[in-house]
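Reading through the structure tokens given below for one structure.
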Amino acid sequence: MIEQLSEADFDQVFSLMERSFPEDERRDYNGQRELLAEPAYNLYAKRSPEAADLQAFLALWELGDMAYIEHFAVDPDCRNGGLGGKILQKVIEKTDMRICLEVEPPETEIAVRRIGFYERNGFHYNDYFYMQPPIAEGRNAIPLRLMTTGGPLDEAEFSTVRDLLYEKVYGVSEDWSWK
């Protein structure tokens, strides 16, 4: 159902990423492409039956005993048919570690719906304050929350996960000023 992508698929992934995420939630083309050289970073996708177009993609960091979904998007023409849930379930099945992702706080209808989607797919909402560092030069920090599989995080676990993301994904130190 899902396959690991190669560098040759990057342009399709980036196109869907641009359509699905605001600028502050993604790197520019070159910055995103450079991640392909990171051994911990992998792209997975579901293709159309003709195997030409990407219906969805997921960017996954494998960080020791935890995985982090940095981006997950379903093509707008393929939404509301259960594809996103099927992909998440497949990733959870194949990943033998806790999985973490970031969501906006439940302050808008779409954020509430997105949190509900992830909860229906085995994720737990952790209501600790979390600030995503700027993802790239010229981007802004974003107040978000973490969701995790394997149950909710206690405060110490949250700090450990946050610091791991800051260091490995965002390249900032534990004493980053927004903490």
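One point on numbering: in the numbering used here, the residue at position 41 of the sequence shown is 270, and numbering is uninterrupted. Ideal Cβ placement from N, Cα and C applies to all residues, glycine included. Computed from a predicted model, the values in this text were never measured in an experiment.
query	result
Span separating the alpha-carbon of Pro362 from that of Gly310	33 Å
Pairwise C-alpha distance: Arg368 and Glu252	7 Å
Per-residue DSSP class, three states only, for Val398	coil
Neighbour-count burial assignment, Thr377, 16 or more Cβ in a 10 Å radius	buried
Reduced DSSP category for Thr378 - H, G, I as helix; E, B as strand; rest coil	coil
Cα-Cα separation, Ser402 to Glu396	6 Å
Check whether Leu283 and Gln241 have beta carbons under 8 Å apart	yes
Three CB pairs or more closer than 8 Å across the region 384–393 and the region 333–348	no
Burial state of Arg374, where buried means 16 or more other Cβ atoms lie within 10 Å	buried
Pro334 to Ala288 span [Cα, whole Å]	21 Å
Ile328 in three-state terms, based on DSSP	strand
Inter-residue spacing [alpha-carbon to alpha-carbon] between Arg349 and Ser277	25 Å
Where the beta strand (DSSP E) through Glu291 begins and ends	283–292
Identity of the residue in Tyr357, Ala281, Glu279, Lys275 nearest Leu317 by Cα	Lys275
For Glu254, the nearest candidate out of Ala385, Glu366, Glu384 (CA to CA)	Glu366
DSSP three-state assignment for Pro363, whether helix, strand or coil	coil
Distance CB(Gly293)-CB(Arg327) smaller than 8 Å	no
Cutoff 7 Å; reference Phe243; Cβ partners in own chain excluding five residues on either side	Tyr258, Gln261
Between the CA atoms of Pro305 and Ser235 - distance to the nearest angstrom	23 Å
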